[in-house]
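Scroll down for the structure; my scribbles are underneath it.
2 protein chains.
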Amino acid sequence: MSDVATTAGGGGPSGDGGIGPLSDRLSLGVAARLSRYLQVLTQARKMGKETISSQELSEYTHVNSTQIRRDLSGFGKFGKRGVGYNVDLLVSQIRKILRTSGQHNIALFGAGHLGKAIASSDIFADHGFRVVAIFDPDPEKLGEQVGPAMVRHPDDLRQMVEEEDIVVGVLAVPTAAAQPLADQLVDAGVKIIFNYSEALLHVPPEVTVHTSSPAVDLLYALYFYLT
Amino acid sequence: MSDVATTAGGGGPSGDGGIGPLSDRLSLGVAARLSRYLQVLTQARKMGKETISSQELSEYTHVNSTQIRRDLSGFGKFGKRGVGYNVDLLVSQIRKILRTSGQHNIALFGAGHLGKAIASSDIFADHGFRVVAIFDPDPEKLGEQVGPAMVRHPDDLRQMVEEEDIVVGVLAVPTAAAQPLADQLVDAGVKIIFNYSEALLHVPPEVTVHTSSPAVDLLYALYFYLT
Numbered sequence: 003m004s005d006v007a008t009t010a011g012g013g014g015p016s017g018d019g020g021i022g023p024l025s026d027r028l029s030l031g032v033a034a035r036l037s038r039y040l041q042v043l044t045q046a047r048k049m050g051k052e053t054i055s056s057q058e059l060s061e062y063t064h065v066n067s068t069q070i071r072r073d074l075s076g077f078g079k080f081g082k083r084g085v086g087y088n089v090d091l092l093v094s095q096i097r098k099i100l101r102t103s104g105q106h107n108i109a110l111f112g113a114g115h116l117g118k119a120i121a122s123s124d125i126f127a128d129h130g131f132r133v134v135a136i137f138d139p140d141p142e143k144l145g146e147q148v149g150p151a152m153v154r155h156p157d158d159l160r161q162m163v164e165e166e167d168i169v170v171g172v173l174a175v176p177t178a179a180a181q182p183l184a185d186q187l188v189d190a191g192v193k194i195i196f197n198y199s200e201a202l203l204h205v206p207p208e209v210t211v212h213t214s215s216p217a218v219d220l221l222y223a224l225y226f227y228l229t
Numbered sequence: 003m004s005d006v007a008t009t010a011g012g013g014g015p016s017g018d019g020g021i022g023p024l025s026d027r028l029s030l031g032v033a034a035r036l037s038r039y040l041q042v043l044t045q046a047r048k049m050g051k052e053t054i055s056s057q058e059l060s061e062y063t064h065v066n067s068t069q070i071r072r073d074l075s076g077f078g079k080f081g082k083r084g085v086g087y088n089v090d091l092l093v094s095q096i097r098k099i100l101r102t103s104g105q106h107n108i109a110l111f112g113a114g115h116l117g118k119a120i121a122s123s124d125i126f127a128d129h130g131f132r133v134v135a136i137f138d139p140d141p142e143k144l145g146e147q148v149g150p151a152m153v154r155h156p157d158d159l160r161q162m163v164e165e166e167d168i169v170v171g172v173l174a175v176p177t178a179a180a181q182p183l184a185d186q187l188v189d190a191g192v193k194i195i196f197n198y199s200e201a202l203l204h205v206p207p208e209v210t211v212h213t214s215s216p217a218v219d220l221l222y223a224l225y226f227y228l229t
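Those sequence lines, one after another, are chains V and A.
Following the working numbering, the numbering of the first sequence begins with 3 at its first residue and continues without gaps.
Following the working numbering, the numbering of the second sequence begins with 3 at its first residue and continues without gaps.
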């Protein structure tokens, strides 16, 4: 379940007012929809699609096409009637609006199956996230090349965070190992933690934890299938 | 980004009216919040917590505690002032309300790093999903035991779906392989596809595709951190 559940929940305004000037902070709802459009647009670009219509975007995002046109009309004319939106242009515009156009460096913990899958895929790289460090305390794994980086001991974390300007820590570790690593990340100044373990992490309020939960996403999908 | 984004977006009603009798279909918003509570409760249970307060639930879900108490008051008295909710009881009640108490069988495609990570973890098992079949066309992997199941050739899919009552297909495969497998799943009658690839999948309207997108979840978290 993504943090978006918060939005759907008691959280912020529902954000149906379209997108204001860049100086405004987006509502949770708008930011969630833009992220969703961005996901589909990135997939479309990978598959060689140059243009996409609001109907197609609607089909893949389940947001209705009127809402999509309203969201996207707010920040310029990208759509041409009958042709659709230019995929490349829309990707860069949305990333600009989400202020995430830059390069963001990730520290990955755990060089097991999941860590290796993450490090060798381009799911993160496609969105400007770069795995610059992989940590695992297993002496047999130290020095091993996994995807773009070499496995290091977690003791090197603080130094790597400073040298590599790491903003996100990804925990692909067993549940019992997660909290101590989260503490180390917080101590080292990392503000976003992506948690693939099942630990409930205690962090200070200024740190954001996103816990991956594919099974709960499935339950949610199943509910609407079964009823 | 989870399907919940849809909820936050233009989708259904915002669902702030609490939870009605079991015969009603939940709004997208309520179902999303319940799924989110369920995630945290399951984590809490794993960590040996027996009770949890609405304040704690709020801290982990980012749903405000008044909303949580309202959601949970609708279906019985689980909470005791000063003690909190009984975790086990709440888990089984929410699963009953989400009508996902049973056992649901999964077919997993891809016996690479990601497939192995999924098959050997209990992220799905904890929520009643059981990986009953793993498919990979690589002759070297055929017959290999991966987590709870043996690797089979994708040609056996239809037979396994019938024999094992498979309701969900999980695609942990390269992007180019995803659409043909989705087609086979649809042909075999599977109605929910969990897509870890970056393919934009074409499926009939009665089939639900959930595409995993950790990077987009991260971008979304980053936006609220940066602004």
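Beta carbons are placed, not taken as given, at the ideal position from N, Cα and C, and that holds for glycine.
What residue from the options has the CA that sits closest to residue i's CA?
i	options	result
D90 of chain A	A:Y227, A:L43, A:D140, A:L74	A:L43
L110 of chain A	A:G31, A:T63, A:L40, A:V175	A:V175
G149 of chain A	A:G114, A:Q161, A:A178, A:G171	A:G114
L220 of chain A	V:Q95, V:S214, V:L220	V:S214
V218 of chain V	A:R27, A:S29, A:Q45, A:L28	A:Q45
V170 of chain A	A:S103, A:M152, A:N107	A:N107
E146 of chain A	A:A121, A:K51, A:M162	A:A121
L40 of chain A	A:I194, A:G112, A:S67, A:L92	A:L92
N159 of chain V	V:L144, V:A178, V:L183, V:T177	It is Leu, not Asn, that sits at residue 159 of chain V in the sequence shown. For the residues V:L144, V:A178, V:L183, V:T177, the minimum Cα distance to L159 of chain V belongs to V:L183.
G104 of chain V	V:G112, V:Y87, V:H129, V:I125	V:H129
P216 of chain A	V:Y222, V:D185, V:V172	V:V172
D124 of chain V	A:Y225, A:I125, A:T177	A:T177
L74 of chain A	A:R47, A:K51, A:R38	A:R38
S199 of chain V	V:D189, V:G191, V:L28, V:V211	V:V211
Y134 of chain V	V:E165, V:K143, V:D157	Residue identity check: residue 134 of chain V is Val in the sequence provided, not Tyr. If we check each option's Cα against that of V134 of chain V, V:E165 comes out closest.
Q57 of chain A	A:M49, A:Q181, A:K48, A:Q69	A:Q69
D157 of chain V	V:V65, V:Y225, V:L144	V:L144
A151 of chain V	V:R132, V:D167, V:Q161, V:V163	V:R132
F126 of chain A	V:H64, V:R71, V:G50, V:Y222	V:Y222
S55 of chain V	V:Y87, V:L28, V:E142, V:V188	V:Y87
A201 of chain V	V:D185, V:A190, V:G191	V:D185
E61 of chain A	V:R47, V:V85, V:L203, V:G112	V:L203
A190 of chain V	V:M162, V:Q181, V:A180, V:A179	V:M162
Run through the DSSP bridge pairs and tell me what residue i is partnered with.
i	result
I54 of chain V	V:Y87
I108 of chain A	A:V133, A:V170
R154 of chain V	V:F137
V148 of chain V	V:A151
Give the secondary structure of residue i by DSSP, where H, G and I count as helix, E and B as strand, and everything else as coil.
i	result
S25 of chain A	Any reading at S25 of chain A needs caution, since the residue's pLDDT is 49, under 50, leaving its predicted position unreliable; the model's value is listed next. In this structure, S25 of chain A counts as coil in the three-state DSSP scheme.
V163 of chain V	helix
L100 of chain V	coil
K48 of chain V	helix
V175 of chain A	coil
I70 of chain V	helix
F226 of chain A	helix
G114 of chain A	coil
E61 of chain V	helix
D219 of chain A	helix
S75 of chain A	helix
I125 of chain A	coil
Every unbroken beta strand (DSSP E) inside the region 184-216 of chain V [3 residues or more]: The qualifying runs are 194-197, 210-213.
Three-pair Cβ contact test at 8 Å for the region 32-52 of chain A versus the region 93-111 of chain A: yes
Stretch-stretch touch, CB-based, cutoff 8 Å, three pairs: the region 113-127 of chain V with the region 136-149 of chain V: Touching, yes.
Inter-stretch contact at 8 Å, needing at least 3 Cβ pairs: the region 197-207 of chain V / the region 194-213 of chain A: no
Chain B contacts from the region 31-51 of chain V (Cβ-Cβ distance under 7 Å): In the structure shown, chain B cannot be found, because the protein chains are V and A.
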